[in-house]
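Shown next, in structure tokens, is the structure this report addresses.
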Amino acid sequence: MRQTIQQHRVVVIGAGYTGATAAGRLARRLRGEDVSITLVNAEPDFVERVRMHQLAVGQPLRPRPFDEMFAGTGVELRLGRVTGIDVDRRTVTVTGADGASDLEYDTLVYALGSAWNTQGVPGTTEHAHEIAGRDGALRLRDRLAALAPGSPVTVVGGGLTGVEAATELAETRPDLDVSLIARAGLGDWLSPKGARHLRKVFTTLRITTHEHTTVTAVHADRVTTTEGDIPAAVTIWTTGFAVHPIARATTLETGDTGQITVDATMRSLSHPDVYAIGDAALVTGPGDKPLRMSCASGVPTAWQAADAIAARLTGSKLPTISARYFNQCISLGRKEGLIQYVTADDRAVNAALTGRLAALYKELVCKGAAWGVANPTIGLPVRRRRVTAERARVGVPAA
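Heads up, the sequence shown is in the numbering used here, so the first residue is 5 and it goes up one at a time.
Quick look at the structure:
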């Protein structure tokens with residue numbers, strides 16, 4: 005007769021692309037009677053972060069409720085914000101509508117992700133807008149809707165997010181005076197073909213570019229730069245991401261960026277019952293370079309963590325999922341796009357796809373990313389394996 009085991013408690017905190025994917029993938033790998041999977045998130049539906057620039061300019065997005073996404077999987081959604089973690093007591097403090105309470109775990113999957121990075125520039129928090137999350141995108145949407153024709157809008161940051169935000173806004177609101185400030189040259193990370201196309205689109209959309217310029221302060225009506233003041237009725241700040249600060253407040257080992265240090269299976273180097281994925285994890289990729297914060301980097305780490313947890317709990321062989329890059333997919337409004345092909349370690353090669361076909365390609369990638377969250381095993385048949393009694397015991401991390 006099979007030994008009765010105590011249910012192993014897996015808690016996943018954060019339900020972005022990586023957290024939601026990991027929870028769903030675990031539910032398809034393990035027997036529900038052996039494992040409980042709780043997904044903690046502040047909102048009841050999935051947010052397509054890669055579309056926040058679309059939301060900000062007033063485009064409606066399809067709702068994706070978690071109760072539909074996880075129907076029949078056994079994943080339990082716990083609504084609330086994570087306000088504390090005690091990795092020594094193995095508890096997560098969740099604050100919701102009914103106040104704060106502690107949630108105990110045997111395995112924790114840390115997927116709190118990242119938010120905008122103000123870089124410590126004075127006035128940014130008070131006067132700039134961000135599109136790293138839905139709340140910020142909605143506030144920006146309301147502010148943009150109230151602008152009169154001819155109002156200056158300045159996007160700070162010449163990376164992927166800034167380029168997408170500037171082009172989306174200029175296409176949707178041609179009545180506004182849109183500019184972009186880049187610390188380096190516009191598209192200087194792209195191939196020559198990619199950079200030429202980006203400049204062509206910027207010219208067509210009449211976006212003013214301030215290259216090799218650094219912002220030193222943000223005000224209500226302008227930004228101060230190393231080249232002088234630039235008018236800005238609205239400033240959109242897109243200079244990169246910073247991880248959630250809560251990991252640094254624990255005894256988890258973190259790197260200089262605040263990301264949790266992990267091994268090749270995404271398990272914490274300091275706490276073997278904790279796994280970190282997505283933007284929250286300090287992961288070394290091809291060329292011994294840290295993976296950049298992105299959906300493309302994060303989803304493979306979610307697959308790796310989920311499969312490693314399942315393997316350790318069931319006594320199966322540990323899988324290895326290598327994270328590498330293939331391309332950078334950039335939307336330039338709804339009619340134009342740019343697909344920059346890259347090496348495994350994310351360096352541009354000469355090949356690039358441009359124009360309307362590239363825009364369609366990017367749209368398919370966005371739809372595919374959302375589909376992948378609801379289908380975390382990519383539609384392949386799965387076998388839910390049983391957890392061994394020894395490995396399910398509370399307080400005994402798997403080898």
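Idealized CB from N, CA, C, for every residue including glycine.
Return yes when the Cβ of R138 is within less than 8 Å of the Cβ of L59, no when it is not. Result yes, Cβ atoms of L59 and R138 sit closer than 8 Å.
Look at T95 and A104 and say whether their C-beta atoms are less than 8 Å apart. Contact: no.
Output the distance between the C-alpha atoms of A170 and R316, rounded to the nearest integer angstrom. Answer to the nearest angstrom: the Cα atoms are 46 Å apart.
Please classify A46: does DSSP put it in a helix, a strand, or coil? DSSP places A46 in the coil class of the three-state scheme, outside both helix and strand.
Under 8 Å, do L190 and T165 count as touching if we go by C-beta distance? In this structure, T165 does not lie closer than 8 Å to L190 by Cβ.
Three or more C-beta pairs below 8 Å linking the segment 30 to 38 and the segment 122 to 131: Too few Cβ pairs lie closer than 8 Å, so no.
Host alpha helix (DSSP H) of Y21 (start-end): Secondary structure note for Y21: its alpha helix (DSSP H) is the uninterrupted segment 21 to 33.
So if DSSP puts V16 in a beta bridge, which residue, or which two residues, is it bridged to? Paired residues: L43, V113.
Spatially closest choice to V91 from T230, L112, L83, by CA coordinates: If you compare the alpha carbons of T230, L112, L83 with that of V91, the shortest gap goes to L112.
Can the beta-carbon of R55 be found closer than 8 Å to that of L65? A contact, by the Cβ cut-off of 8 Å.
How is W307 classed by DSSP in three states: helix, strand or coil? In the structure shown, W307 sits in a helix (DSSP, three-state: H, G or I).
Own chain partners of G127 with C-beta closer than 7 Å, once the 5 adjacent residues on each side are dropped: A221, V222, H223, listed in sequence order.
Same chain, Cβ closer than 6 Å to G23, five either side skipped, listed in chain order: Hits under 6 Å: V16, A115.
Using the C-alpha atoms, what's the distance from E52 back to L83? Distance between the alpha carbons of L83 and E52: 18 Å.
Does the separation of the CB atoms of V247 and A284 fall below 8 Å? In contact: V247 and A284 (Cβ atoms closer than 8 Å).
Measure the C-alpha to C-alpha separation of A378 and A280 and round it to an integer number of angstroms. Taking the straight line from one Cα to the other gives about 20 Å.
Spatial neighbours of P196 within its chain, please: C-beta separation below 8 Å, excluding the five flanking residues on both sides. Result list for P196: N354, in chain order.
Could you tell me whether the Cβ of T347 comes closer than 8 Å to any Cβ of chain C? Given the protein chain composition of this structure (a single chain), no chain C is represented.
Give the straight-line distance between the Cα atoms of K332 and R390, rounded to the nearest whole angstrom. First, the residue type needs correcting, since residue 332 is Gln and not Lys in the sequence shown. Answer to the nearest angstrom: the Cα atoms are 39 Å apart.
V400 - DSSP class collapsed to helix/strand/coil: Residue placement at V400 is poorly supported in this model, since its pLDDT is 49, which falls under 50; the coordinates still yield a value, given next. V400: coil per DSSP, three-state reduction.
Looking at V266 and V287, is the spacing between their C-beta atoms short of 8 Å? Yes, the Cβ-Cβ distance between V287 and V266 is below 8 Å.
So for H131, helix, strand or coil by DSSP? Reduced to three states, the DSSP call for H131 is helix.
So is F330 buried or exposed if we call it buried at 16+ other beta carbons inside 10 Å? By the 10 Å Cβ count, F330 comes out exposed.
Could you tell me how far apart the beta carbons of D349 and R296 are, in whole angstroms, since I believe they sit closer than 8 Å? About 10 Å separates the two Cβ atoms, so there is no contact after all.
Ignore the nearest five residues each way along the sequence and tell me which others in A46's own chain have a CB closer than 8 Å to its CB. Exclusion of the five residues before and after A46 leaves L83, G84, R85 as the residues of its chain whose Cβ lies within less than 8 Å of its Cβ.
Please determine, among I185, D71, G161, G383, the residue with the shortest C-alpha to C-alpha distance to E231. The option with the nearest alpha carbon to E231 is I185.
Taking the alpha-carbon positions, what's the E340 to V227 distance? Cα to Cα, E340 sits roughly 29 Å from V227.
Bounding residues of the alpha helix (DSSP H) (the contiguous stretch that carries Q58): Q58 -> alpha helix (DSSP H) spans 56 to 60.
In whole angstroms, what separates the C-alpha of N121 from that of T392? For N121 and T392, the distance between alpha carbons rounds to 43 Å.
Within 8 Å, strictly: CB atoms of R29 and W375: Remark: C-beta atoms of R29 and W375 do not approach each other more closely than 8 Å.
Same chain, Cβ closer than 8 Å to Q11, neighbours up to 5 away in sequence not counted: Cβ within range, chain order: E37, D38, V39, S40, A396.
Considering only their Cβ atoms, is the gap separating L151 from V61 smaller than 8 Å? When the beta-carbon positions are compared, V61 and L151 stay at least 8 Å from each other.
According to DSSP, is W120 helix, strand or coil? Reduced to three states, the DSSP call for W120 is strand.
Which residue wins for smallest C-alpha separation from H57, given the options T207, A136, S320, G78? Checking every option, the nearest Cα to that of H57 belongs to A136.
Cβ-heavy atom distance between P156 and the ligand COA below 7 Å? The ligand COA is not part of the structure shown, which contains no ligands of any sort.
How many angstroms separate the CA atom of A218 from the CA atom of R13? First, the amino acid is wrong: residue 218 is Thr here, not Ala. Cα to Cα, T218 sits roughly 48 Å from R13.
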